[in-house]
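Here the numbering used here is used: the first residue of the sequence shown is 43, the next is one more, and so on.
Glycine residues also receive a C-beta, built at the ideal position from the N, C-alpha and C atoms.
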Amino acid sequence: MRKKNLLNHKFGRLLVIKAEPSDKNGNACWLCRCNCGNHVIVTGARLQHGITKSCGCLRRDVMQKRTHSNAILIKNSSKTDSFLNDDGVCYNSLKRSSRNKSGHIGVSYDQDSGKWFARLMFRNHYVLLKSFDTMDEAIQARMDAEKRFFPKKTRSH
Ligand SMILES: [Zn+2]
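Next comes the structure, spelled out in structure tokens:
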């Protein structure tokens, strides 16, 4: 199979700088330098079809731009286990994520924005979805929302 010469071609952030041996499927591989300085080996097909346009930093940049939107919170909630318990609380919202430093359910720290997020899901909707500068404010907001939407939790039998 003849290899198309992509040397010195630019694909997105990637500049092809060297031909690499083909991979085990016989796909032409190229060593590329990314704008950010990283080097990656990409197959010619991925470059030519625009599938790979950076070392991965492009996607990271896009994520960071969304920092201040609620996308972060929704992104952190995996859709696969979003089932509701008897209270209508999404289990997913009760689960402590690895990023949760507060130790409080529904309150988590977001490193990208440096903010504390309080959230509460009720009947598959976020009834609380706010960012705060301090953990205390976020916890307070979460507790207030719990009282409002799930009063029976706090009621004694
Ligand atoms: Zn890069």
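Residue i to residue j span [Cα, whole Å]
i: K155; j: P63; result: With the sequence shown as reference, residue 155 is identified as Ser, and Lys is not the correct amino acid for it. Each residue's Cα considered, the two are about 42 Å apart.
i: A87; j: K189; result: 56 Å
i: C97; j: Q153; result: 22 Å
i: L171; j: F192; result: 16 Å
i: C74; j: R165; result: 48 Å
i: V169; j: D186; result: 11 Å
i: G54; j: N80; result: 14 Å
i: S150; j: Q90; result: 41 Å
i: A180; j: C76; result: 39 Å
i: N67; j: V58; result: 20 Å
i: I83; j: L48; result: 13 Å
i: K157; j: M163; result: 19 Å
i: P161; j: G148; result: Reading off the sequence shown, one finds Arg at residue 161, where the question assumed Pro. When rounded, the distance between both Cα atoms is 5 Å.
i: S173; j: L100; result: 26 Å
Assumed close pair residue i, residue j - CB separation to whole angstroms, cut-off 8 Å
i: T85; j: D65; result: 7 Å
i: K46; j: A70; result: 7 Å
Helix, strand or coil at residue i according to DSSP, with G and I counted as helix
i: F191; result: helix
i: D103; result: helix
i: D212; result: Given that the chain is displayed from residue 43 to residue 199, the structure contains no residue 212 and the question cannot be resolved.
i: R184; result: helix
i: R75; result: strand
i: L56; result: strand
i: R161; result: strand
i: T122; result: Annotation note: pLDDT 39 at T122 (below 50); position unreliable, no value reported.
i: A61; result: strand
i: L89; result: helix
i: D154; result: coil
i: I83; result: strand
i: V167; result: At residue 167 the sequence reads His, which differs from the Val that was named. Of the three classes helix, strand and coil, the one that applies to H167 here is strand, per DSSP.
Which residues count as close to ligand 1 when the rule is a CB under 5 Å from any of its heavy atoms, in chain order?
C76, C78, N80, S96, C97 and C99
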